[in-house]
Amino acid sequence: MKQGAATHGDPMKSVEMAYQELVDGLHSSAAESEFGRVGQRVAESMGFRYFAYLGFGEADPVLISSYPKRWSEHYFAEGYQDVDPVVAFARSGRSTMQWTREAARQFPLRAQKRLFDDADEFGIRHGVSVAIAGGFDRFAAFTFAVDEVSSAHGRMVTEANDIVQLIGLTFHAHADAKLGLRSPRHEAVPLTQRERECLTWAARGKSMEATAMIMGVTPRAVKFHLDNARANLGAETLPQAVAIGLKARWIN
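Those letters in the sequence shown? Residues 11 to 262, per the working numbering, in order.
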């Protein structure tokens, strides 16, 4: 396994740097292959071997990942998306989930055990998955995976859980907006100039405090504009609002 910076030093700082790298990379990405390269760079910088984004909606599942091509083809050929505990978890929308090959013994279905046996042959043995609720009965899972279980990874994910979750949500927001993964169309909803500004800086990975400094207002004002933008766009979360804004080209 390729060891990254996140397995040494301050895990929070490493994950924060990985998140900023993700935002910078996604901002200039337009094609699926570019999204794949950004995801893999971030995975490696955090000490993981693979990354995977699996989205579900009205059409066929969408997979963007650095998994071996043979594994991805085998996964869908066997219909594993119908029994995968990670997919079931993603559908539930319950934040993040850590999983291991050993834990598969607890799953009730024989097909689930076979799924993890097959994944083991491709070096996919341990990981963390982020559940993403996309709205309109759509959902997705963003996963980092390794071939060797490491206590450092578990510690890093536990201590930086919020940022790991934000990485998954941000990847989904940009993929959903730029790659046309969203089926339903949204009616145009006007945003104020301030709402557009705040949403644009959020799309670029800036915190409310950083956005406030850039715009010369208070963090409370930024929160006010972001909350209004989210409500006006009918979004449940800020990343979802960013996705809608990017897709409609109201922000960039």
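Using N, Cα and C, we set each Cβ at its ideal position, and we do this for glycine too. Here the structure is a predicted model, which means the values were calculated and not measured.
Exercise. I think S76 touches M56, with their Cβ atoms under 8 Å apart; what is that distance to the nearest whole Å?
Worked result: The Cβ separation is near 13 Å, so there is no contact.
Exercise. Can you tell which of A53, M218, G35 has the C-alpha that lies nearest to the C-alpha of F264?
Worked result: Outside the displayed range of the chain (11 to 262) lies residue 264, so it cannot be described from this structure.
Exercise. If you scan the segment 60-98 from start to end, which runs of the alpha helix (DSSP H) of 4 or more residues do you find wholly inside it?
Worked result: Qualifying alpha helix (DSSP H) stretches, in chain order: 79-87.
For this session: Quick one: give me the first and last residue of the beta strand (DSSP E) that A150 is part of.
Result: Unbroken beta strand (DSSP E) run through A150: 148-156.
Exercise. By Cβ distance below 7 Å, which residues in the same chain neighbour A245 in space, the five residues on each side in sequence not counted?
Worked result: So the list reads A251, I254, once near-sequence residues are dropped.
Exercise. Any heavy atom of the ligand MG closer than 6 Å to the Cβ of A53?
Worked result: What this structure holds is no ligand at all, so the ligand MG is not there to describe.
For this session: Could you tell me the boundaries of the alpha helix (DSSP H) in which M107 lies?
Result: Run containing M107: none in the alpha helix (DSSP H); it sits in the beta strand (DSSP E), 106-110.
For this session: Give a yes or no on whether the C-beta atoms belonging to E205 and N238 are separated by under 7 Å.
Result: Yes, they are a contact pair.
Exercise. Is the beta carbon of L64 less than 7 Å from the beta carbon of Y90?
Worked result: Going by C-beta atoms, L64 is not nearer than 7 Å to Y90.
For this session: Report the residue from T210, A155, S139, E207 whose alpha carbon sits nearest the alpha carbon of G178.
Result: Of all alpha-carbon atoms in T210, A155, S139, E207, the one lying nearest the alpha-carbon of G178 is that of S139.
Exercise. To which residues of the same chain is E42 closer than 7 Å at the C-beta, ignoring the five residues directly before and after it?
Worked result: If the five residues before and after E42 are omitted, its C-beta is found closer than 7 Å to the C-beta atoms of I74, L189, all from its own chain and listed in chain order.
Exercise. What residues in its chain sit with their C-beta under 8 Å from that of A40, if we drop five residues either side in the sequence?
Worked result: The residues are K188.
For this session: Mind checking which residues open and close the alpha helix (DSSP H) that includes M225?
Result: Residues 218-225.
Exercise. Any idea if F152 is buried or exposed, counting beta-carbon neighbours within 10 angstroms, 16 or more meaning buried?
Worked result: The residue in question, F152, is buried, as its Cβ has 16 or more Cβ neighbours within 10 Å.
Exercise. Do G137 and F149 come within 7 Å of each other at the CB atom, strictly closer than that value?
Worked result: No, the pair does not count as a contact, with Cβ atoms beyond the cut-off.
Exercise. In terms of residues, what are the limits of the alpha helix (DSSP H) holding V49?
Worked result: The sequence shown places Gly at residue 49, rather than the Val named in the question. Per DSSP, G49 belongs to the alpha helix (DSSP H) from 42-55.
Exercise. When burial is assigned at 16 or more other CB atoms within 10 Å of the CB, is A113 buried or exposed?
Worked result: Taking every protein chain shown into account, the CB of A113 has fewer than 16 other CB atoms within 10 angstroms, so this residue is exposed.
Problem set entry | C-beta atoms of A53 and F99 nearer than 7 Å | Cβ distance not < 7 Å, so A53 and F99 don't count as in contact.
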